[in-house]
Amino acid sequence: MTKFTFSLEPVLNYRILVEEGEQQKLQTVDSALQKAQRLKLQLLEEVANTSRLISTPQGSAIDIDSLKNLGAYLNRLQSEIVKSSNLILKLEDDKRVQMDKLIHARKSREIVEKLKEKKSSLHEKELQTLEQKLLDDASAERFLQSSEQFLPVQRSDR
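For our numbering, add 205 to where a residue sits in the sequence shown, where the first one is 1.
Printed below as a string of structure tokens:
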């Protein structure tokens, strides 16, 4: 019997590659998002530590220059926190877009896979029908041969 070959196999392979590519892009965006979130947490911890340092008196004399430096450092940290917050918002949006692309790629692949399953099922049914037809024909032929053996022989000499 004939082996099933799916004519759209190259399309299915391409759709699988596209889906894998979109999955990798999503992982890249997700990893960048996690890195940005970790950076923001580190910056927030640094702000908290620096704020404690400013609020805790370290001696009897208050050094104005060191307070100015710590204030400037806090301002720079706040600026970095705002930048990282904006980056996180952008990456979250990128992640949603990439997730949509991945879902679309997955649906496209699943459509072709379902078509392949239907074609394979149809091919199997056709093979079963052909096999049954061949078996029926063989049975009918055997029946005819066996019934001819039991028929009385007619003489043509009369």
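The C-beta atom is built at its ideal place from N, Cα and C for all residues, glycine as well. Just so it is clear, the structure is predicted and the values come from calculations on it, not from any experiment.
Reduced DSSP category for residue i - H, G, I as helix; E, B as strand; rest coil
i	result
K295	helix
K324	helix
T210	coil
D268	coil
Cβ-Cβ distance between residue i and residue j below 8 angstroms
i	j	result
I293	L248	no
V201	L296	Residue 201 falls outside the range modelled here, since the chain spans only 206 to 363, and no answer is possible.
R220	S313	yes
L217	K321	yes
S260	L279	no
K319	L231	no
V317	L246	no
K323	F211	no
Local Cβ density within 10 Å of residue i, reported as buried at 16 or more and exposed below that
i	result
A241	buried
L258	exposed
A277	exposed
E227	buried
L282	buried
S289	buried
E224	buried
Q333	exposed
Q303	buried
Extent of the continuous alpha helix (DSSP H) to which residue i belongs
i	result
S256	214-260
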